[in-house]
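In my numbering, the protein residues as written are 128 to 749. Working notes, beginning with the structure itself.
Structure representation (structure tokens):
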């Protein structure tokens with residue numbers, strides 16, 4: 128069946144090529160015929176007749192060969208554009224130059240006027256035969272449309288992205304009319320791909336009403352942050368379907384997933400935050416050709432670290448996780464994307480088991496380790512505090528020991544802003560992992576560092592997926608406190624920051640990202656409700672439920688004593704906390720781990736003694 132289908136495709140393609148060759152032979156004949164007629168005002172002179180019948184076969188062979196070499200028989204002319212036009216001109220100019228050279232070499236005395244007329248006419252006939260199909264198809268689509276009352280399309284932006292989208296949409300013939308808006312005053316009343324720029328962004332509501340617009344496409348891929356949020360908010364209020372043209376990198380990703388270039392707007396687009404652009408070149412330098420292992424590699428952050436690292440020509444990637452399903456899905460995704468070019472391994476196991484870690488490290492010999500395995504859910508860990516100690520502290524210590532014994536070059540630990548003046552068991556254990564990493568940096572030759580960042584959009588257990596689920600279920604949307612604020616970043620941004628920390632490689636340091644303005648969760652809830660087309664406290668109620676165990680009203684990126692050591696790096700939005708005094712009572716540390724492994728709650732008391740900044744939520748003055 129497949130062979131039959133392939134044969135049919137080849138037969139159709141060959142038929143099209145034969146048809147085009149015949150058209151070109153006719154075009155050569157007509158061009159030469161009219162050139163001679165115009166020059167002599169008829170074919171009556173014997174010279175004109177002889178020239179026509181003798182030169183036509185030779186010129187047909189010459190130009191068909193040139194057209195083949197310039198791939199004019201391999202273009203999809205329904206999408207023809209400037210590139211095809213330039214190739215037509217180039218092939219005719221080269222062919223004419225060859226003819227002129229032959230005329231001089233063999234002293235043929237062919238009038239120069241005939242040669243020039245022939246070249247010009249041949250270009251015209253070729254353009255008609257190629258671009259005429261597209262014009263006829265476009266007119267046919269418009270004429271045969273069964274819906275004369277079709278609505279219009281509004282394109283926001285009048286740059287290269289808009290030009291691409293307009294060309295695509297006009298070819299589909301789905302819209303009665305297409306118009307564009309742009310805030311550049313010089314583009315007003317101008318046309319792009321035949322589409323008029325009819326106003327500024329602020330005019331969108333008026334244009335939607337006047338032109339019966341049904342769809343809006345925001346075609347400014349570089350637009351981010353607050354400006355994009357404002358435009359999308361204005362578009363959504365019109366009630367039109369709003370889509371967005373993503374960045375080239377996103378287009379590549381979407382294509383690999385089989386998705387169209389356009390995508391629906393996402394929550395990330397409206398969270399009024401500019402993503403930090405990191406130095407990807409320096410990351411590539413230290414990752415190139417290396418064996419990389421990621422603990423917790425199947426999680427939301429760990430999996431993105433794997434995806435980002437895979438872009439840098441690493442030698443091998445080992446996904447280490449206790450949960451096999453997400454690890455397997457990521458393995459399939461990476462194999463589908465990179466094939467045999469990337470050696471991807473899955474190793475199932477827990478960071479709590481030191482012997483399993485040592486076995487894996489001895490087997491895969493990683494040079495770079497990203498430690499993302501941890502329990503991160505704040506209220507849940509308040510209910511299961513000993514599990515946080517076992518997984519976060521014991522797990523990190525085990526991984527550090529296994530990495531050091533295996534000769535790992537760099538060890539990057541993922542931390543959190545909740546480790547600063549922690550009020551939760553999760554934050555306190557993550558602060559202790561920072562201290563353990565700094566201790567190893569002093570005692571070993573392994574480059575060890577931690578990366579501290581805030582909440583990650585879309586990660587497991589984060590506030591946005593919860594709110595989206597509540598909205599889809601009709602509400603209410605729950606907010607813990609009307610004044611609570613949080614820092615947010617995207618999953619790719621968090622992963623890139625982790626990779627960047629490995630590139631900076633100042634052993635014993637904690638890297639902190641300037642995450643911009645904190646977001647008020649109440650405003651976030653209202654924005655999300657608007658995003659889904661509802662009115663807060665009208666269609667979807669917002670309910671204040673009070674702070675959950677372990678939560679703070681606001682998070683901090685550095686403690687008071689750390690701010691004195693906060694230095695800039697080569698990146699203006701990444702700061703470094705150099706190694707400080709991180710010594711802690713080793714005996715207390717071992718007692719805490721022993722008690723936790725014996726499920727003895729006295730381990731919490733030892734944790735409080737080690738992490739002196741830890742102020743348990745249950746002890747606070749409420």
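Quick reminder that beta carbons are idealized off the backbone N, C-alpha and C, glycines included.
Cβ-based burial, residue i [other Cβ within 10 Å; buried from 16]
| i | result |
| --- | --- |
| residue 373 | buried |
| residue 583 | buried |
| residue 413 | buried |
| residue 498 | buried |
| residue 319 | buried |
| residue 717 | exposed |
| residue 201 | exposed |
| residue 196 | exposed |
| residue 575 | buried |
| residue 382 | Residue placement at residue 382 cannot be trusted, given a pLDDT of 46 that sits under 50; the coordinates are not used to answer. |
| residue 367 | buried |
| residue 234 | exposed |
| residue 180 | exposed |
| residue 184 | exposed |
| residue 544 | buried |
| residue 155 | buried |
Distance, residue j Cα to residue i Cα
| i | j | result |
| --- | --- | --- |
| residue 193 | residue 218 | 6 Å |
| residue 670 | residue 657 | 16 Å |
| residue 167 | residue 160 | 11 Å |
| residue 615 | residue 651 | 11 Å |
| residue 674 | residue 480 | 35 Å |
| residue 378 | residue 734 | Low per-residue confidence applies at residue 378: pLDDT is 48, beneath 50, and the placement is therefore not dependable enough to give any value. |
| residue 245 | residue 162 | 5 Å |
| residue 680 | residue 589 | 16 Å |
| residue 660 | residue 293 | 27 Å |
| residue 274 | residue 295 | A caution first: residue 274 carries a pLDDT of 47, below 50, which makes its placement in the model too unreliable to give a value. |
| residue 704 | residue 406 | 19 Å |
| residue 591 | residue 252 | 59 Å |
| residue 314 | residue 336 | 22 Å |
| residue 417 | residue 485 | 19 Å |
| residue 386 | residue 447 | Interpretation of residue 386 is limited by its pLDDT of 41, a score under 50 that renders its predicted location unreliable; no figure is taken from the coordinates. |
| residue 731 | residue 436 | 37 Å |
| residue 363 | residue 369 | 7 Å |
| residue 743 | residue 561 | 19 Å |
| residue 256 | residue 439 | 46 Å |
| residue 654 | residue 453 | 31 Å |
| residue 455 | residue 487 | 17 Å |
| residue 595 | residue 649 | 14 Å |
Range of the contiguous alpha helix (DSSP H) that encloses residue i
| i | result |
| --- | --- |
| residue 540 | Note, residue 540: premise wrong, no alpha helix (DSSP H); beta strand (DSSP E) at 537-543. |
| residue 564 | 552-570 |
| residue 703 | Run containing residue 703: none in the alpha helix (DSSP H); it sits in the beta strand (DSSP E), 701-704. |
| residue 219 | 209-233 |
| residue 518 | No alpha helix (DSSP H) contains residue 518, which DSSP labels as neither H nor E. |
| residue 488 | 481-491 |
| residue 733 | 729-737 |
| residue 412 | 407-414 |
| residue 625 | 618-631 |
| residue 724 | 713-724 |
Residue interval of the beta strand (DSSP E) (run including residue i)
| i | result |
| --- | --- |
| residue 279 | 279-283 |
| residue 342 | 340-345 |
| residue 510 | Per DSSP, residue 510 belongs to no beta strand (DSSP E); it is in the alpha helix (DSSP H), 505-510. |
| residue 418 | 418-422 |
| residue 497 | 495-498 |
| residue 371 | 368-371 |
| residue 590 | Looking at the DSSP string, residue 590 is not in any beta strand (DSSP E); the run it does join, the alpha helix (DSSP H), is 590-599. |
| residue 306 | 305-308 |
| residue 674 | Taken as a continuous stretch (DSSP letters only), residue 674 belongs to no beta strand (DSSP E), as it is neither H nor E. |
Bridge partner(s) assigned by DSSP for residue i
| i | result |
| --- | --- |
| residue 663 | 667 |
| residue 448 | 475 |
| residue 575 | 538 |
| residue 647 | 612 |
| residue 637 | 577 and 704 |
| residue 604 | 669 |
| residue 330 | Note: residue 330 sits in no beta bridge, so no partner. |
| residue 241 | Partner(s): none; residue 241 has no beta bridge. |
* **Any 3 or more C-beta pairs closer than 8 Å across the region 450-465 and the region 494-509** => no
* Are there three or more Cβ pairs, one per stretch, closer than 8 Å when the region 322-334 is compared with the region 304-314? -> Touching, per the Cβ criterion.
* Check whether the region 533-549 touches the region 564-573, counting contact only when three or more Cβ pairs, one atom from each stretch, lie closer than 8 Å. => yes
* Could you say if the region 406-424 and the region 597-611 meet the contact criterion of at least three C-beta pairs nearer than 8 Å? => no
* To do: Tell me, please, whether the region 433-448 touches the region 468-481 by the rule of three or more beta-carbon pairs shorter than 8 Å.
  => yes
* To do: Decide yes or no for the touch test of the region 225-237 against the region 143-159: beta carbon pairs closer than 8 Å, at least 3 of them.
  => no
* Should the region 718-734 be regarded as contacting the region 512-520, the criterion being three or more beta carbon pairs within less than 8 Å? -> Below 8 Å, enough C-beta pairs join the region 718-734 and the region 512-520 to call them touching: three or more.
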